[in-house]
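Numbering of the sequence shown is given in our numbering, commencing with residue 697 and proceeding in unit increments.
A short worksheet on the structure shown next.
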Amino acid sequence: MKKIVITLFLSMLSVMSSASDLGPVEMLDGKVLMLTPYKFKEMSDEQIKAHFGSKSQRPDEVLSNESGDVMLMYSYTQDPISSKYFRYQHRSLSKKVHKGMPPGSKWIRDQVIEQNGNDFIVMEFILPTIGNRMSQHLIVYGASVNERFLTIHFTTSIELADEWLPKGKEMMESIFILK
């Protein structure tokens, strides 16, 4: 019943949203619901392999626009993350991520927020152009789902940020985790 109510709520959000091309999508067998563009398609395993390289760095699933310049991806790790110690774990994770960022990266936010009844780690930053990879704007949400770490990433090239960043923020703000 709760899943039906949340799906209806997401559907209402998509109708009322400024980006009317968004609709509800389920992840992790219905444990996670969010709005995504209707035009986004799932990348094939071959596309994911070509885009992300080594298997250890590949997300579990990637949805993207036709050109692959704008992506929504998620990874459901085996890493335990306790909702009880979530804020402490955020500090530890934040230190690791900050330390691993390439020079010239610009941090926009790094915080824990409560959204739709759940705590989320939110990291938003801009990565500089490196080699043949263009500069990117990323929004990353992390959450505890069944005491395991789920990350959801929205990424767009800087060239498309004016068009896609408002939609990306709307997508990320729509995330619901069913308990």
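Where is the CB? At the ideal position from N, CA and C, for every residue including glycine.
No experiment lies behind these values; they were computed from the predicted model shown.
Same chain, Cβ closer than 8 angstroms to residue i, neighbours up to 5 away in sequence not counted
| i | result |
| --- | --- |
| M830 | S853, I854 and E855 |
| E810 | F816 |
Cut-off 6 angstroms between Cβ atoms - residues of its own chain near residue i, not counting five sequence neighbours on either side
| i | result |
| --- | --- |
| V739 | Residue 739 is actually Met in this sequence, not Val. Hits under 6 angstroms: V758 and S760. |
| I777 | Q785, S840 and F845 |
| D765 | S853 and L856 |
Residue i versus residue j: straight-line alpha-carbon distance, rounded
| i | j | result |
| --- | --- | --- |
| N842 | F782 | 13 angstroms |
| E869 | F748 | 25 angstroms |
| T851 | Q832 | 7 angstroms |
| D725 | K792 | 30 angstroms |
| I804 | M819 | 8 angstroms |
| I744 | S763 | 13 angstroms |
| K780 | F821 | 27 angstroms |
| Q826 | E722 | Residue identity check: residue 826 is Ile in the sequence provided, not Gln. Cα-Cα distance, rounded: 33 angstroms. |
| T773 | K727 | 15 angstroms |
| H794 | Q753 | 18 angstroms |
| V808 | K875 | 19 angstroms |
Element boundaries [beta strand (DSSP E), containing residue i]
| i | result |
| --- | --- |
| Q774 | V766 to P776 |
| L759 | E757 to S760 |
Range of the contiguous alpha helix (DSSP H) that encloses residue i
| i | result |
| --- | --- |
| L861 | A857 to E869 |
Residue j beta carbon less than 8 angstroms from that of residue i
| i | j | result |
| --- | --- | --- |
| R844 | D756 | no |
| I848 | Y770 | yes |
| G796 | P824 | no |
| L731 | E866 | yes |
Same chain, Cβ closer than 7 angstroms to residue i, five either side skipped, listed in chain order
| i | result |
| --- | --- |
| F736 | L759, S760, N761 and L768 |
| D806 | S790 and M819 |
| D717 | P733, Y734 and K735 |
| L861 | H833 and T852 |
| N814 | A839 and I873 |
| said: Restricting to runs no shorter than 3 residues, where is the beta strand (DSSP E) found entirely within the stretch 787 to 852? | reply: 802 to 811, 814 to 823 and 832 to 841
| task | Would you list, in sequence order, the uninterrupted alpha helix (DSSP H) runs of no fewer than 4 residues that lie entirely inside the stretch 721 to 752? | result | 741 to 748
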